[in-house]
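Right, one structure below, let's go through it.
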Amino acid sequence: MKHGGTTIHTADGSTVTVTPRGIEYDLHVRNAKGHTVATVEMSRADYLALLADMREAA
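Counting from 1, position 22 in the sequence shown corresponds to residue 21 in numbering that gives the first Met the number 0; the numbering is continuous, with no gaps.
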């Protein structure tokens, strides 16, 4: 992941941007119009667990 964050584009035009913030991560979910739908603060452990769950589901 780049220091400035990584953005994932979804099929419906929404985005999820993951940004490291010290020892935590911010996930910003935006709809296709660019409006923030949710902001989630996660610990590194929770973020790594989310990635593992996503890989398992794929």
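Cβ atoms here follow ideal geometry from the backbone N, Cα and C, with glycine treated the same way.
Distance between residue j and residue i (C-alpha atoms, nearest Å)
i: A41; j: D11; result: For clarity, residue 41 is Met in the given sequence; the question names Ala instead. Cα to Cα, M41 sits roughly 24 Å from D11.
i: R29; j: R20; result: 19 Å
i: K32; j: T9; result: 13 Å
i: A48; j: T18; result: 16 Å
i: L50; j: V36; result: 20 Å
Beta-carbon spacing of residue i, residue j below 8 Å
i: T6; j: T14; result: yes
i: D52; j: T38; result: no
i: R43; j: E23; result: yes
Three-state secondary structure assigned by DSSP to residue i
i: D45; result: helix
i: A56; result: helix
i: A10; result: coil
Inter-residue CB distance, residue i and residue j (contact presumed, cutoff 8 Å)
i: H34; j: T16; result: Actually they are not in contact, since the Cβ atoms of H34 and T16 sit about 13 Å apart, beyond 8 Å.
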